[in-house]
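Colleague: Residues in the sequence shown are numbered from 1352 upward in steps of one, following the working numbering.
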Amino acid sequence: MSEFLTTPEGRRIAYDRIGGRAPGVVFLGGFKSDKEGTKALALEAWAKAAGRAFLRLDYSGHGQSSGDFLDGAIGDWFEDARAAITALTEGPQVLVGSSMGGWIALLMAREMPEKVAGLVTIAAAPDFTEDGMWGAFSEDQRRELMETGRVALPSDYSDEPYIITKRLIEEGRGRLVLRRPLDLPFPVRMLQGTEDADVPLAVAVRLVEHVTGPDIRLVVVKGADHRFSTPDCLKLIELSVMKVLARLEGGAG
1352 MSEFLTTPEG RRIAYDRIGG RAPGVVFLGG FKSDKEGTKA LALEAWAKAA GRAFLRLDYS
1412 GHGQSSGDFL DGAIGDWFED ARAAITALTE GPQVLVGSSM GGWIALLMAR EMPEKVAGLV
1472 TIAAAPDFTE DGMWGAFSED QRRELMETGR VALPSDYSDE PYIITKRLIE EGRGRLVLRR
1532 PLDLPFPVRM LQGTEDADVP LAVAVRLVEH VTGPDIRLVV VKGADHRFST PDCLKLIELS
1592 VMKVLARLEG GAG
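What follows is the structure, given as structure tokens:
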């Protein structure tokens, strides 16, 4: 059963946590996803079997947490993750960031490197509000966003459109990670599918070329889509986490 944490900003965040060996693993989900998703639950099952500490959470406006999704922005969700990781984990953690969660994990690595032992990204979407949304908007969509404060985009995951707010775009500009150097001084494994319609392979290539660090690898899976949730993809996520942990514990990764 989920528990709840009140963040320093006053938001009530739902989370599930299991005890186990350190370093623990933290799953950070994507835009409009929640902690009950396929990847989060599969990784929790692996952590239980492996005796590894594990945490998954809902950002504000997502899942069981407080707040309205449309009121949120990247910085809010980063603050939620930071509060949960700070309050609910001990020592540095291996962060597993899916889509937007990859951006949030990179923000954690930049802002609180002492809490990051390693990183696994799954179709990471750094800076997507600027590059994937604002950069792709038509002039009419930009005008609508600025004049009304929101614009509706079709969704492949719901019958309802995504409502993109002016605040989401503007607040995101203060959270960009691809505009200045970003060092990742720990094991990093990035996973990306070639059939991802939401985050093109070029984004993963740009990310791996942008960051610096001693142990960074990108794994490209031919045919995998953005969900990255087939049995083979789930197994690859687990294997990638195991490789990062092996590197941290002195083994081969």
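Glycine included, every Cβ here is placed at the ideal spot set by N, Cα and C. If you're wondering where the values come from, they're calculated on a predicted model, not measured in any experiment.
#1: Out of Asp-1549, Leu-1585, Val-1571, which one is the CA nearest neighbour of Met-1451?
#2: Cα separation between Val-1377 and Gln-1492?
#3: Could you compute how far the alpha carbon of Trp-1454 sits from the alpha carbon of Ala-1475?
#4: Classify Ala-1555 as buried or exposed, calling it buried when 16 or more other Cβ atoms lie within 10 Å of its own Cβ.
#5: Which stretch, first to last residue, makes up the beta strand (DSSP E) that contains Arg-1524?
#6: Three or more beta-carbon pairs under 8 Å between the segment 1560 to 1575 and the segment 1528 to 1543, yes or no?
#7: Around the Cβ of Gly-1380, are there at least 16 other Cβ atoms within 10 angstroms (buried) or fewer (exposed)?
#8: Can you tell me whether Glu-1354 is helix, strand or coil according to DSSP?
#9: Which first and last residues belong to the beta strand (DSSP E) in which Phe-1378 is found?
#10: When you compare only the Cα positions, how much space is there between Arg-1598 and Ala-1468?
#11: Note the first and the last residue of the continuous alpha helix (DSSP H) segment covering Phe-1405.
#12: Using 10 angstroms around the beta-carbon of Gly-1414, count the other beta-carbons present and answer buried if the total reaches 16, otherwise exposed.
#13: In the DSSP assignment, find the beta strand (DSSP E) that holds Leu-1569 and state where it starts and stops.
#14: Quick one: grab the DSSP three-state call for Gln-1415.
#15: Following the continuous beta strand (DSSP E) through Leu-1552, name the residue where it begins and the one where it ends.
#16: Pairing CB atoms from the segment 1505 to 1518 with CB atoms from the segment 1586 to 1598, are three or more of them under 8 Å?
#17: Relative to the C-alpha of Gln-1444, which residue among Ala-1373, Ser-1489, Val-1502, Ala-1487 is closest?
Modeller: According to the data block:
#1: Asp-1549
#2: 36 Å
#3: 6 Å
#4: buried
#5: Arg-1524 -> no beta strand (DSSP E), and no H or E assigned at all.
#6: yes
#7: buried
#8: strand
#9: 1372 to 1379
#10: 10 Å
#11: Note, Phe-1405: premise wrong, no alpha helix (DSSP H); beta strand (DSSP E) at 1403 to 1408.
#12: buried
#13: 1567 to 1572
#14: coil
#15: Note, Leu-1552: premise wrong, no beta strand (DSSP E); alpha helix (DSSP H) at 1552 to 1561.
#16: no
#17: Ala-1373
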